[in-house]
Amino acid sequence: MAKTVNVWLDGHHVEVPDTMTIIEAADKYGVHIPRLCYHPDLPPTANCGVCVVEVSGNPTPKRACCTPVAEGMKITTNSNKLRSYRKTLTEMILSHHDVKCPTCSANNKCELQSLANNLGVNPDALPNIMPNTPIDDSSLSIVRDVTKCIACGRCVTVCNEVQTVYALTFSDRGIHAHIDTAFSNGIANSPCVNCGQCTVYCPTGALRERNDLDGVWEAILDPTKHVVVQEAPAIRVSLAEEFGMELGTVTAKKMYAALRKIGFDAIMDTNFTADLTILEEGTECVTKLKSGSKRPLITSCSPGWIKFMETYYPDLADCVSTAKSPMSMFGVLAKTYYTQEHGLDPANIVSVAIMPCTAKKFEAARPELRDSGYQDTDFVLTTREFIRMIKEAGIDFKEIKEEDADEGMSFYTGAGTIFGATGGVMEAAIRSAYTLVTGEELEAIDIMAVRGLKGVKEATIPVPGFGDLRVVVAHGLSNARIVMDKIREGLATTGESPWHFVEIMACPGGCVGGGGQPYGNNMAMRARRGEGLYKEDRNLPIRKSHHNPEVTRIYERFLGSPNSPLAVKLLHTHYFERSVNTGQIIKEATHKHH
Amino acid sequence: MYKEICNKYAPTKDNLIYILHDIQDTHPQHYISEEAVEVVSEYLKVPANHIFGVLTFYSMYSTKPRGTNIIRLCESPPCYIKGSDNILRKLKTMLSVNVGETTKDGAFTLELAACLGVCGNAPVMMVNDDVYGDLTEEKIEEIIGKIRGGN
Ligand code: SF4
Ligand code: SF4
Ligand code: SF4
Ligand code: FES
Chain A
1 MAKTVNVWLD
11 GHHVEVPDTM
21 TIIEAADKYG
31 VHIPRLCYHP
41 DLPPTANCGV
51 CVVEVSGNPT
61 PKRACCTPVA
71 EGMKITTNSN
81 KLRSYRKTLT
91 EMILSHHDVK
101 CPTCSANNKC
111 ELQSLANNLG
121 VNPDALPNIM
131 PNTPIDDSSL
141 SIVRDVTKCI
151 ACGRCVTVCN
161 EVQTVYALTF
171 SDRGIHAHID
181 TAFSNGIANS
191 PCVNCGQCTV
201 YCPTGALRER
211 NDLDGVWEAI
221 LDPTKHVVVQ
231 EAPAIRVSLA
241 EEFGMELGTV
251 TAKKMYAALR
261 KIGFDAIMDT
271 NFTADLTILE
281 EGTECVTKLK
291 SGSKRPLITS
301 CSPGWIKFME
311 TYYPDLADCV
321 STAKSPMSMF
331 GVLAKTYYTQ
341 EHGLDPANIV
351 SVAIMPCTAK
361 KFEAARPELR
371 DSGYQDTDFV
381 LTTREFIRMI
391 KEAGIDFKEI
401 KEEDADEGMS
411 FYTGAGTIFG
421 ATGGVMEAAI
431 RSAYTLVTGE
441 ELEAIDIMAV
451 RGLKGVKEAT
461 IPVPGFGDLR
471 VVVAHGLSNA
481 RIVMDKIREG
491 LATTGESPWH
501 FVEIMACPGG
511 CVGGGGQPYG
521 NNMAMRARRG
531 EGLYKEDRNL
541 PIRKSHHNPE
551 VTRIYERFLG
561 SPNSPLAVKL
571 LHTHYFERSV
581 NTGQIIKEAT
591 HKHH
Chain B
1 MYKEICNKYA
11 PTKDNLIYIL
21 HDIQDTHPQH
31 YISEEAVEVV
41 SEYLKVPANH
51 IFGVLTFYSM
61 YSTKPRGTNI
71 IRLCESPPCY
81 IKGSDNILRK
91 LKTMLSVNVG
101 ETTKDGAFTL
111 ELAACLGVCG
121 NAPVMMVNDD
131 VYGDLTEEKI
141 EEIIGKIRGG
151 N
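Listed in order, the protein sequences are those of chains A and B.
Number 249 in my numbering belongs to position 249 of the first sequence; there are no gaps in the numbering.
Number 15 in my numbering belongs to position 15 of the second sequence; there are no gaps in the numbering.
Set out below in structure tokens:
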């Protein structure tokens, strides 16, 4: 049990639990202690030393991020000695840093930049001895620039502890310490699953997404190309905060207006194919349930999760839904159904996806996702890239007049929109699977047990004619491991999975916490964005995917029925087994059914 | 062969540094290859990135092939005051290598070491397990020549 202790912060008496560190206590009471490596979502690495404070009874300053509070502690957070100490440390960091802020991807969001600015650091205090390390641009998703790295270690914690992917490590030590992949083989030849969580937690521009903006602008400005754009559910709740509006506000219609102004030819919405996914995956699930299979069905929309599964759990690949992600379903339909409906040549279509996700760039490039006869999705832009695009086009996003998307593959229900938050796919699936099994409509459609930020969420839903449907939701790959290990164990011992249906998202919080989201993407912000999506769901006239009229229409005019031969050909995929050391394909883990 | 070395030790994480030592010592080029790390990683269930971190943290391990003889010149202040930088220059020119590199014939690798604990005889270096003190440029020629001749 935590005890309450009395602590004096710069002379102010406060009472805090003794489980807190000094920096946590200071943050709680609004006293700002400068810091660089500490992040409230992560265990402290205590690498930078910037957070030093003076503590009564201690001759030398203490690091506030890793020193627990104690009864009677008197803490001084600001003194000439501390200021000069922090300044020197920051000057040392800048002395082996490639300081080019105006063109840096982290400009204005960079924690080193703002610290140096706040402390009034002299950038030329020390000679620059920056090591000339080449940029690692081997990956389709993540770019690593060691010349901007301050060795804070956040990415190592995120990659190894939060995501348990084991791609990044510290290499060398002392002043030479830096971040690397095993044997300096580069991100593309590591087990990296492209989740991008390292990029959102990196305090500087050392880790970022691969920039695909040039290709998209080129397509937009090419009169022979018809550029179709889709936006993931999470995008509509992640723009407001960047343009002076309240965090988590739903801005779908401003987003459409901005896309039109930028020059996209057809403004559609991934939420439509999210609804379609529910029909495809839900039907797959119901078929499996009815067959009496003891193996679970696991969701497949998160590409970071898929690569993780292919690397660490290929033996369970047959349990993962064959349904492509909503992005990839959209991609293939843009070059088949959409072109057919509009009398266009698929060769002239450029299909762009705006995603909260860095792993989607890797997904789009998968060679098996070309069932339209072309690469199904041509370009993926992260939320951060899209924000840069809005700014480059000089759009006043806050003031832009709301517009609708183009008709067709843009119509969505509340079920489609909650895909962007952890538990949302599960909730959407239950709303429809219930009907698929019983022929009746589920009345209580707010499935609170699968909402929220708890790492592993379980629920049991009574389904007449079937019995208890046991489901589980995990977000963040360390939580995925917990669930997958239990499934593996269940199958090995009793021959039965503990759950029928499993949702897994690679990123903590689900897509609203994706690796392509605006910098400063902490858990508290992820929660607010998630709430924004649930609010939109409540306000939409239709809240179940199987009631989406455009989904009904696409089955009538094109696909036939869920899991029909054409639907399987276009909307389903297969998986591989990958090396835990290099991430490269070893062999097929499942086969594509035709 | 890496698997055989692993099998000599219980598959617990505490044995990581011993296994790595054993692998390096028994390798004719005194190093730990990527292939070796993959075998150890699987044996101990320790991710390869972690093992790479350990290998680069300790200066005693090498991830690159090294020469038959490993020269480790002390770079601590007492040796520096007594002129270890001249000795380093001499070694570099004589062997035509930089620090961390191996001679073309594979005979020598030149490395720097933290204090070797014989500051009384500074400047000091080790060649394999032998310590050489009170170094001068002439002595370097002699030592290298002798080892070359003896091979
Ligand atoms: S990482 Fe930060 S300090 Fe460094 S160049 Fe980029 S913005 Fe400037
Ligand atoms: S993208 Fe994810 S898996 Fe890849 S290095 Fe970053 S945190 Fe690790
Ligand atoms: S890459 Fe970024 S998060 Fe990782 S250690 Fe460097 S500065 Fe920190
Ligand atoms: S913030 Fe405490 S050591 Fe970096």
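Note that CB positions come from ideal geometry on N, CA and C, so glycine has one too.
Cβ-based burial, M355(A) [other Cβ within 10 Å; buried from 16]: buried
Keeping to the same chain, check which residues put their C-beta closer than 6 Å to that of D265(A); ignore five residues upstream and five downstream. H226, V227
For I140(B) and L91(B), the rounded distance between their alpha carbons: Cα to Cα, the separation comes out at about 7 Å.
Measure from the alpha carbon of A10(B) to the alpha carbon of each residue in V99(B), K45(B), I32(B), P28(B), then state which is nearest. Distance from the Cα of A10(B) is smallest, within the candidate group V99(B), K45(B), I32(B), P28(B), for K45(B).
To test your reading of the DSSP string, which unbroken alpha helix (DSSP H) runs of 4 or more residues are found completely within the segment 45-89 of chain B? 48-57, 77-81
Using a threshold of 8 Å, state whether the C-beta atoms of G196(A) and G515(A) are closer than that. yes
At what residue ranges does the segment 33-121 of chain A contain a whole run of the beta strand (DSSP E), taking only runs of 3 or more? 52-55, 73-76
Along chain B, which residues have their Cβ under 8 Å away from the Cβ of A167(A)? N49
DSSP state of W8(A) mapped onto helix, strand, coil: Residue state for W8(A) is assigned as strand, using DSSP reduced to three classes.
Let me make sure I understand the geometry here. Which of A334(A), C202(A), Q163(A) has the alpha-carbon closest to that of I179(A)? Looking from the CA of I179(A), the closest CA among A334(A), C202(A), Q163(A) belongs to C202(A).
Cβ contact (3+ pairs, closer than 8 Å) linking the segment 371-388 of chain A and the segment 286-293 of chain A: Segment contact: the segment 371-388 of chain A against the segment 286-293 of chain A, fewer than three CB-CB distances shorter than 8 Å; contact not assigned.
Distance between beta carbons of P68(A) and T21(A), contact taken as under 8 Å: The C-beta separation of T21(A) from P68(A) comes to about 6 Å, placing the pair in contact by the 8 Å criterion.
Relative to the alpha-carbon of L442(A), which residue among L168(A), K544(A), T339(A), K569(A) has its alpha-carbon at the smallest distance? K544(A)
Residue-chain proximity (A26(A), chain B), Cβ-Cβ < 8 Å: no
May I ask you to check if the CB of G553(A) is nearer than 7 Å to at least one heavy atom of ligand 3? A quick correction: the sequence has Arg, not Gly, at residue 553(A). No, Cβ of R553(A) sits at least 7 Å from all heavy atoms of ligand 3.
Are three or more beta carbon pairs between the segment 539-554 of chain A and the segment 413-422 of chain A nearer than 8 Å? Contact between the segment 539-554 of chain A and the segment 413-422 of chain A is present, because at least three Cβ pairs lie under 8 Å.
Just verifying my parser: in three-state terms, what is the DSSP assignment at E496(A)? coil
At 9 Å on the CB atoms, spell out the chain B contacts of T181(A), in chain order. Neighbours of T181(A) in chain B, taken as residues whose beta carbon is under 9 Å from its own, are N49, F52 in chain order.
Return no unless some Cβ of chain B is closer than 8 Å to the Cβ of S478(A). no
Counting beta carbon pairs with one atom in the segment 421-428 of chain A and one in the segment 393-405 of chain A, are three or more of them shorter than 8 Å? Because the criterion of three Cβ pairs below 8 Å is not met, the segment 393-405 of chain A and the segment 421-428 of chain A do not touch.
Using 10 angstroms around the beta-carbon of E556(A), count the other beta-carbons present and answer buried if the total reaches 16, otherwise exposed. exposed
N271(A) versus V50(A), N548(A), C192(A), residue with shortest Cα-Cα distance: N548(A)
Can you have a look at R307(A) and say buried or exposed, based on whether 16 or more other CB atoms are within 10 angstroms of its CB? It should be pointed out that residue 307(A) corresponds to Lys in this sequence rather than to Arg. Buried, because 16 or more other Cβ atoms sit within 10 Å of the Cβ of K307(A).
Where does the unbroken alpha helix (DSSP H) through R154(A) begin, and where does it stop? 154-157
Keeping to the same chain, check which residues put their C-beta closer than 7 Å to that of G72(A); ignore five residues upstream and five downstream. N6
Does the beta carbon of N47(A) come closer than 8 Å to any beta carbon on chain B? Not closer than 8 Å to any Cβ of chain B, the Cβ of N47(A) fails to qualify, so no.
On the DSSP letters alone, give me the boundaries of the alpha helix (DSSP H) that V450(A) sits inside. Careful: V450(A) lies outside any alpha helix (DSSP H) and carries neither H nor E.
Residue(s) in a DSSP beta bridge with T21(A): P68(A)
If we count the other Cβ atoms within 10 Å of its Cβ and call it buried at 16 or more, is Q24(B) buried or exposed? buried
Have a look at A506(A), I487(A), M505(A) and flag the residue whose alpha-carbon is nearest the alpha-carbon of S497(A). I487(A)
Determine, using beta carbons only, whether F170(A) comes closer than 8 Å to chain B. yes
Give a yes or no on whether 8 Å exceeds the smallest Cβ distance from N581(A) to chain B. yes
Mind listing, in chain order, the continuous beta strand (DSSP E) runs of no fewer than 3 residues lying wholly within the segment 209-268 of chain A? 226-231
When you compare only the Cα positions, how much space is there between L116(B) and P123(B)? Going from the Cα of L116(B) to the Cα of P123(B) covers about 10 Å.
I want to see whether chain B comes within less than 8 Å of R173(A), judged by CB atoms only; does it? yes
CB of L279(A) to nearest heavy atom of ligand 1: below 7 Å? no
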